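Worksheet: the structure to be examined is printed underneath.
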Amino acid sequence: MESRFPEDIGLDELARSTGLAPTYLSRMFPLATGYTISGYLRGRRLTEAAKALADGAPDILSVALDAGYGSHEAFTRAFREQFGLTPDTVRKRRSLDHLNLVEALRMEAAINIELDPPRIEKMPTIRLAALPGRHDLNNPSGIPAQWNSFGPLVPGIEGVIPGAAYGVVGDMTDGQFDYAPGVQITPDATVLSPLTVMTIPARKWARFTHKGHVSNVRATCAAIYGDWLPNSNAEQAEGLSFVEYYGPDFDPRTGHGTIEIWVGLKD
């Protein structure tokens, strides 16, 4: 991808190059990197274009063509959406300051995770009172604030089953993903706004233990999707991307305690 990002690389071609199924690759890449495949490629093209403009490129159209855009207008629109500034502004000010650049992903930069084999377990439906939200894949910094907003609501929730808490990771599209912190509730409990009822479906789950601080959960997810799943005989079920399980001993103030990542599996 890094050597060919100016080209129009399709998902099927990338899948053939990696030996992975297209649907699996499109799901695994955001979990491992924080970017959708198309978002990463677009960000890399526009980042290199921004560098050329800041270095004093003689004209914008040539930079646009090199970045794979067929017109000045299409390039300007994409550039503004990516950086919040026009190409002409960056060229005039000769600076990359305050631009959220998408640099090449360094393979050696990943945190090494020693992943223990998961516990495979069939589980019934779990009904949650949850606070839904949506976040950027490459900047999920709003999740702690979402938990902070959810915490004060818990004492007022009807029918809470004490113990664990859950973080449900759902749809991943357009460079964003759905996320909802929640607690388990009884089948007949009523949930009031801004909370909503969410269910973790009854199915077979692979339960992976996360080691270390909560801030490194993404590295565990990358190990699951980048190593364990493609090398196992298992196939991920449709629906939720995965579930974070926080045990009764998890302390949100320190970020330590029992944390598991649950991946739903097809029977």
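The numbering of the sequence shown is our numbering, which starts it at 251 and goes up by one.
Backbone N, C-alpha and C fix where the C-beta goes; we use that ideal spot for every residue, glycine too.
Keep in mind the model is a prediction, meaning the values are calculated, not measured.
Taking the Cα positions, residue 355 is about 28 Å away from residue 342.
Taking the CA atoms as reference points, residue 389 sits about 21 Å from residue 432.
Of the candidates 280, 498, 443, 280 places its Cα closest to the Cα of residue 475. Excluding the 5 residues flanking it on each side, residue 498 has same chain C-beta neighbours closer than 7 Å at 413, 414, in chain order. Under the three-state reduction of DSSP output, residue 377 falls in the strand class. Ranked by Cα distance from residue 485, the options 255, 510, 277, 266 are led by 277. Between residue 461 and residue 515 the beta-carbon gap is near 22 Å, outside 8 Å, which marks them as no contact. Inter-residue distance for residue 378 and residue 471 is about 22 Å (C-alpha atoms, whole angstroms). Note: residue 515 is bridge-paired with 454, 486 in the DSSP secondary-structure output.
In the structure shown, residue 413 falls within a strand segment according to DSSP collapsed to helix, strand and coil. Proximity to residue 384 across 370, 297, 373, 427 peaks at 427, based on C-alpha coordinates. When 283, 396, 417, 504 are compared, the shortest CA-CA separation from residue 353 is found for 283. Taking the Cα positions, residue 373 is about 6 Å away from residue 452. With distances taken between CA atoms, residue 297 lies nearest to 329 out of 434, 442, 329, 456.
Residue 307 and residue 313 have their C-alpha atoms spaced approximately 7 Å apart.
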